[in-house]
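**Q** The following block contains the structure, expressed as structure tokens.
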Amino acid sequence: MPSPLPWQSGLAPGAELPAGFLLRPALEVARGLLGYRLVSTIGGRRTSGVIVETEAYDGPNDPASHAATLRGPTKRNAVMFGPGGFSYVYRIYGMHWCMNVVTGPEGDAGAVLLRGLHAMEGQEVMKQRRGCEPLSTGPGRLCEALGITGELYGHDLREEPLRLQAGWAVAHDMVGISTRIGVSAAADWPYRFYVLGASGVSRHPGPTKPSATATEGSQE
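Printed below as a string of structure tokens:
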């Protein structure tokens, strides 16, 4: 049986990210971000939640990544080619904002898409922004609930008004692994991580084990 969700006992004290945490490969960061906190003070209103679902994108080596070799650096993805720790925010379908955390050293172009958040603070504000529930299930809803837009493109995630903070350790028996959602290229790569039984997860498929060849991992 999965362990109890660690944040059910309440908020963990805010803590700075461990040094070098976001300078690691995307696959490591995607797993490591589970249980971490995303805190927004956008518009002077505090909202926060626990990251419960992520997807890794492995830069030029990943055909599903916006930084895939055939695409290379563009105006849209330029921040991905910088050092880890900054936000890559873009719009899909001309409607929904999505947020990635850039990972790895400069030039690595790794990124982690934030797909699901368990709301912890400011739920009423989230409801006002969203207009309906669920509040922060899926990347578009997550951004809308926290007020994240393209104005946060390239934002340093150690600074206000949008910060990543260390949170709770998530045990291995609490983590599901699956292929990414809505991806046509590299569709069989198991680069999606989620917390079993957590609210905020967009989909709970049966977990799979990472293949021997997949090391890190469209933002379509």
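Everything in the sequence shown is counted per the numbering used here, starting at 330 for the first residue and increasing by one. Each residue gets a CB set at the ideal place from its N, CA and C atoms; glycine is no exception.
Rounded C-beta distance between Pro392 and Trp497? I'm assuming under 8 Å.
**A** Not really, about 33 Å apart at Cβ, beyond 8 Å.
**Q** Can you tell me whether His395 is buried or exposed, with buried defined as 16 or more other CB within 10 angstroms of its CB?
**A** Label assigned to His395: buried.
**Q** Cα separation between Asn390 and Thr403?
**A** Cα-Cα distance, rounded: 16 Å.
**Q** Taking the straight line between their C-alpha atoms, what separation do you get for Asn429 and Leu486?
**A** Cα-Cα distance, rounded: 11 Å.
**Q** Would DSSP call Arg532 helix, strand or coil?
**A** Arg532: coil per DSSP, three-state reduction.
**Q** Is the beta carbon of Leu481 less than 8 Å from the beta carbon of Ser377?
**A** Going by C-beta atoms, Leu481 is not nearer than 8 Å to Ser377.
**Q** In the DSSP output, which residue or residues are listed as bridge partners for Val499?
**A** Note: Val499 sits in no beta bridge, so no partner.
**Q** Roughly how many whole angstroms lie between the Cα atoms of His484 and Leu491?
**A** So the alpha carbons of these two residues sit roughly 8 Å apart.
**Q** Tell me whether Gly546 is buried or exposed, calling it buried when 16 or more other Cβ atoms sit within 10 Å of its Cβ.
**A** With a pLDDT of 34 at Gly546, under the threshold of 50, the modelled position of this residue cannot be trusted; read the value that follows with caution. That one is buried.
**Q** Exposed or buried, Gly423, counting other C-beta atoms within 10 Å across all chains shown (16 or more means buried)?
**A** So Gly423 counts as exposed.
**Q** Taking the alpha carbon of Tyr319 as the reference point, which residue from Ala359, Thr370, Gly411 has its own alpha carbon closest?
**A** Outside the shown range of the chain (330 to 549) lies residue 319, about which nothing can therefore be said.
**Q** Nearest CA to the CA of Gly451: which residue from Ala397, Val499, Val418, Val379?
**A** Nearest option by C-alpha distance: Val379.
**Q** Exposed or buried, what is Cys472 when buried is set at 16 or more other beta-carbons lying within 10 Å of its beta-carbon?
**A** With 16 or more Cβ atoms within 10 Å of its Cβ, Cys472 is classed as buried.
**Q** By the three-class DSSP mapping on this structure, what secondary structure does Gly505 have?
**A** Reduced to three states, the DSSP call for Gly505 is strand.
**Q** If you scan the region 410-485 from start to end, which runs of the beta strand (DSSP E) of 3 or more residues do you find wholly inside it?
**A** Listed in chain order, they are 416-421, 425-432, 439-450.
**Q** Going by C-alpha distance, which of Pro347, Phe350, Glu357, Gly349 is nearest Pro519?
**A** Checking every option, the nearest Cα to that of Pro519 belongs to Glu357.
**Q** Mind checking Cys461: buried by the 16 CB within 10 Å criterion, or exposed?
**A** That one is exposed.
**Q** For a quick check, are the C-beta atoms of Leu475 and Leu351 less than 8 Å apart?
**A** No, these two residues do not count as a Cβ contact at 8 Å.
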